[in-house]
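Novice:
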Amino acid sequence: MEPVRITTPLTKDAVAGLRAGQQVLITGRILTARDAAHKKLIELLDQGMGLPVDISNQIIYYVGPSPPRPGQVIGAAGPTTAGRMDFYAPQLIALGLRGMIGKGFRNTAVTEAMQKYGAVYFAAVGGAGALLAQRIRAARVLAYPELGPEAIYEFEVEDFPVIVANDMYGGDLYREGRKQYALDKGEDAYA
Amino acid sequence: MRTVEAMLVAEVVARLCEEANFVLEENIHSAFQRGFEEEISPYGKEVFAQLLSNAAIAAKNRLPICQDTGIVVVFIDLGQDVQVTGGSLYGAITEGVRDAYQRGYLRKSVVNDPIERTNTKDNTPPVIHCRIVDGDRIKISLMPKSAGSENMSTAKMVNPSKGWEVIKEFVVDTVERAGPNPCPPLVVGVGIGGTLEKAALISKEALFRPVGHRHPEEIKAHMEDELLDAVNKLGIGPMGRGGRITVLDVHIETYPTHMASMAVAVNLLCCAARYKTAEI
């Protein structure tokens, strides 16, 4: 299974070509944000204000990196649980957010928004933060430096390894993968 | 009475924090290698390959295995014939954690209060469990515990008359609901008996037992095999991408309990299974 190579910014056409289960290598600039930054972004939107970063056709990586040693670009930088961002993601997708990187389940509000607006959810390997850090060539804080590891960074990544967990057609790697390998309980196992 | 300097305790705690975060336990590494060979799902195989490569990079560059370097859980077995001098035991443990997270460039993830939630900026305080034992040694076992797997852990008071079947159902259900979220392949600690808090405590202690080691009592060893088989039939697989290795091992610990009670706690440990032990 050869991985597909994509570059950012991510167009809707590129998203349309991706299917759940496809291995993908991402090259280009991506944004980071997790719980605290999402809360701030949504508060701005609720007040009718603009965002400090342009998310249109961008990918947001759910990550809170460990601090870099002197001379390092970044510390360990693997994905955090995406489900905690489910409450915020649909609004960002409606504004043109094209991709998300995390790990774990998304809820139906998120997957429906992905189908409606054309977005993709990638999973990276949790617990592989040291390996993933090697694919991050540059990192700088774009907003909310006071949040420390929860600040919004811009990462420049090269061949960053992910897999499509949810595509814009309702395809779900977690559902399909499990169906294929479950024993005994079979297809009923996945509600 | 034997004496131990508080400063020595702090140094040992700091060293264990750093080593746990940078160097994967040998038994987990071997389990990954076996997983890479035995997992039939190509997605699962790829996950094991990345985890093995990750462990090598982390150890070589002194980079954390995972960016979630956790809240530090410390178990102390304090011999009743040893005295800590030149400072308090808890102060020394806290100082060791603070020092390691600063000098080791580890992420500070602890907030001061569960409601107010301001970062303490030095990853303290740790969670300390201390018990007095025979002898004049201090045994320190610590685990930087990540939130991803802790968040999917469970505890429940079940009806004792329903016995083993209800325990089994609860363990399988916990792993099933967790799916990809706690970063499988997991180690599962099951605490049975005692009271609510005792079951939770021994479910965490169970995680320190190496993969492949069975409970010394035959009946409980069989229960562990049965649970391991049941959870791996779920098909969740490494990172939930589908596969036959969702759990590397299940360890059960039990404690005597009230005739009307049966507490069950299920503590999940993610694939970044980090813990170290030392004795002073």
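For the protein sequence lines, the chains are A and B, in the order given. The opening position of the first sequence corresponds to residue 1 in the working numbering, with each subsequent residue numbered one higher. The opening position of the second sequence corresponds to residue 192 in the working numbering, with each subsequent residue numbered one higher. Yeah, the Cβ is synthetic: ideal placement off N, Cα and C, and Gly gets one too.
Can you give the Cα-Cα distance for G186 of chain A and R178 of chain A, rounded to whole angstroms?
Specialist: Counting from one through the first sequence, the residue named residue 186 of chain A turns up at place 186. Counting from one through the first sequence, the residue named residue 178 of chain A turns up at place 178. Only weak support is given to the placement of G186 of chain A: the predicted model assigns it a pLDDT of 47, under 50, and the value that follows is read from those uncertain coordinates. The straight-line gap from Cα to Cα measures roughly 9 Å.
Novice: Please determine whether the Cβ atom of R137 of chain A lies at a distance below 7 Å from any heavy atom of the ligand NAD.
Specialist: This structure lacks the ligand NAD, and indeed carries no ligand of any kind.
Novice: So, is the C-beta of R5 of chain A closer than 8 Å to a C-beta in chain B?
Specialist: The sequence position of residue 5 of chain A within the first sequence is 5, counting from 1. False, the Cβ-Cβ gap to chain B never drops below 8 Å.
Novice: Between M430 of chain B and chain A, is the shortest Cβ-Cβ distance under 8 Å, so that the two count as touching?
Specialist: Against the second sequence, residue 430 of chain B aligns to sequence position 239. Judged by the 8 Å Cβ criterion, M430 of chain B is in contact with chain A.
Novice: Reducing DSSP to helix, strand and coil, say where K330 of chain B ends up.
Specialist: Here residue 330 of chain B refers to the residue found at position 139 when the second sequence is read from its first residue. In this structure, K330 of chain B counts as strand in the three-state DSSP scheme.
Novice: Please determine, among A:P149, A:P65, A:V120, the residue with the shortest C-alpha to C-alpha distance to I136 of chain A.
Specialist: Taking the first sequence and counting its residues from 1, the one referred to as residue 136 of chain A is at position 136. Selected option, being the one with the closest Cα: A:P65.
Novice: Examine chain B for any beta-carbon lying closer than 8 Å to the beta-carbon of L173 of chain A, and answer yes or no.
Specialist: On the first sequence, residue 173 of chain A is found 173 positions in, with the first residue counted as 1. Chain B contact via Cβ: present.
Novice: So R69 of chain A contacts chain B; which residues on that side make the cut at Cβ distance below 7 Å?
Specialist: What you label residue 69 of chain A is simply residue 69 of the first sequence in a count that begins at 1. Result: Y296.
Novice: Chain A beta carbons: is any one of them nearer than 8 Å to that of K424 of chain B?
Specialist: Reading the second sequence from its first residue, position 233 is the one you call residue 424 of chain B. Closer than 8 Å: yes.
Novice: Among the residues of its own chain, which have a CB less than 8 Å from the CB of G127 of chain A, if the five just before and after it don't count?
Specialist: Working through the first sequence from its first residue, we reach residue 127 of chain A at position 127. Within the same chain, G127 of chain A has close Cβ partners G78.
Novice: Report the rounded CA-to-CA distance for E388 of chain B versus Q58 of chain A, giving the unit in angstroms.
Specialist: On the second sequence, position 197 is the one that residue 388 of chain B refers to. On the first sequence, position 58 is the one that residue 58 of chain A refers to. Roughly 46 Å separates the two Cα atoms.
Novice: Any idea if Y169 of chain A is buried or exposed, counting beta-carbon neighbours within 10 angstroms, 16 or more meaning buried?
Specialist: Position 169 of the first sequence, counting from 1, holds the residue named residue 169 of chain A. Result: exposed.
Novice: Taking the beta carbon of D304 of chain B as the centre, do at least 16 other beta carbons fall within 10 Å, making it buried, or is it exposed?
Specialist: Counting from 1 along the second sequence, the entry for residue 304 of chain B is found at position 113. D304 of chain B should be labelled exposed.
Novice: Please list, in chain order, the residues of the segment 93-112 of chain A that have any C-beta partner in chain B closer than 9 Å.
Specialist: So the close ones are K103, G104, F105.
Novice: Beta-carbon of G434 of chain B versus every beta-carbon of chain A: anything under 8 Å?
Specialist: By 1-based counting over the second sequence, the position of residue 434 of chain B is 243. G434 of chain B counts as touching chain A.
Novice: Of all the options A:A37, A:L95, A:E43, A:L10, which has the alpha carbon lying nearest to the alpha carbon of P149 of chain A?
Specialist: Locating residue 149 of chain A in the first sequence gives position 149, where the first residue counts as 1. Ranking A:A37, A:L95, A:E43, A:L10 by Cα distance to P149 of chain A puts A:A37 first.
Novice: Taking Cβ positions only, does Y181 of chain A come closer than 8 Å to chain B?
Specialist: As a position in the first sequence, residue 181 of chain A is number 181, starting the count at 1. Output row for Y181 of chain A: interface = yes.
Novice: E470 of chain B bridges to which residues according to DSSP?
Specialist: Translated into the one-based positions of the second sequence, residue 470 of chain B becomes position 279. E470 of chain B is bridged to B:K330.
Novice: Which residue comes first and which comes last in the beta strand (DSSP E) that contains G384 of chain B?
Specialist: Residue numbering aside, residue 384 of chain B sits at position 193 when the second sequence is read from its first letter. 377-384 is the extent of the beta strand (DSSP E) around G384 of chain B.
Novice: May I ask you to list, following chain order, the residues of the segment 441-466 of chain B that have a beta carbon less than 8 Å from some beta carbon of chain A?
Specialist: Answer set for the segment 441-466 of chain B: C461, C462, A463.
Novice: Go through its chain and collect everything with a Cβ distance to Q258 of chain B's Cβ below 8 Å, but skip five positions before and after it.
Specialist: Here residue 258 of chain B is taken as the residue at index 67 of the second sequence, counted from 1. Answer for Q258 of chain B: R298, listed in chain order.
Novice: Just the C-alpha distance for S337 of chain B and V362 of chain B, rounded to the nearest angstrom, thanks.
Specialist: For this step, residue 337 of chain B is matched to residue 146 along the second sequence. For this step, residue 362 of chain B is matched to residue 171 along the second sequence. Approximately 20 Å between the Cα atoms of the pair.
Novice: Note down, in chain order, each residue of its chain lying with its Cβ closer than 6 Å to the Cβ of A89 of chain A, except the 5 sequence neighbours on either side.
Specialist: Indexing the first sequence from 1 puts residue 89 of chain A at position 89. Result list for A89 of chain A: V110, in chain order.
Novice: When DSSP builds the beta bridges, which residues end up paired with E103 of chain A?
Specialist: Along the first sequence, read from residue 1 onward, the residue named residue 103 of chain A stands at position 103. The sequence given here has Lys at residue 103 of chain A, not Glu. K103 of chain A pairs with A:T81.
Novice: Can you say whether I182 of chain B is buried or exposed, counting buried as having 16 or more other CB atoms within 10 angstroms of its CB?
Specialist: No answer is possible for residue 182 of chain B: it lies beyond the span of chain B, which begins at 192 and ends at 471.
Novice: Output the boundary residues of the beta strand (DSSP E) element that contains G64 of chain A.
Specialist: Here residue 64 of chain A refers to the residue found at position 64 of the first sequence. Looking at the DSSP string, G64 of chain A is not in any beta strand (DSSP E), and its letter there is neither H nor E.
Novice: Would DSSP call G270 of chain B helix, strand or coil?
Specialist: On the second sequence, residue 270 of chain B is found 79 positions in, with the first residue counted as 1. In the structure shown, G270 of chain B sits in a strand (DSSP, three-state: E or B).
Novice: Use the C-beta contact count for C208 of chain B: other C-beta atoms within 10 angstroms, 16 or more gives buried, fewer gives exposed.
Specialist: Residue 208 of chain B sits at position 17 when you count from the first residue of the second sequence. Looking at its Cβ environment, which holds 16 or more other Cβ atoms inside 10 Å, C208 of chain B is buried.
Novice: In angstroms, rounded to a whole number, what distance separates the CA positions of R138 of chain B and F213 of chain B?
Specialist: Given that chain B is displayed from residue 192 to residue 471, the structure contains no residue 138 of chain B and the question cannot be resolved.
Novice: Out of curiosity, what's the CA-to-CA distance linking N314 of chain B and M114 of chain A?
Specialist: Along the second sequence, one-based indexing puts residue 314 of chain B at 123. Along the first sequence, one-based indexing puts residue 114 of chain A at 114. So the alpha carbons of these two residues sit roughly 37 Å apart.
Novice: A222 of chain B versus chain A: which residues are under 8 Å apart at the beta carbon?
Specialist: Here residue 222 of chain B corresponds to residue number 31 of the second sequence, with the count starting at 1. Those do not exist, as A222 of chain B stays about 13 Å from chain A at its closest Cβ, beyond 8 Å.
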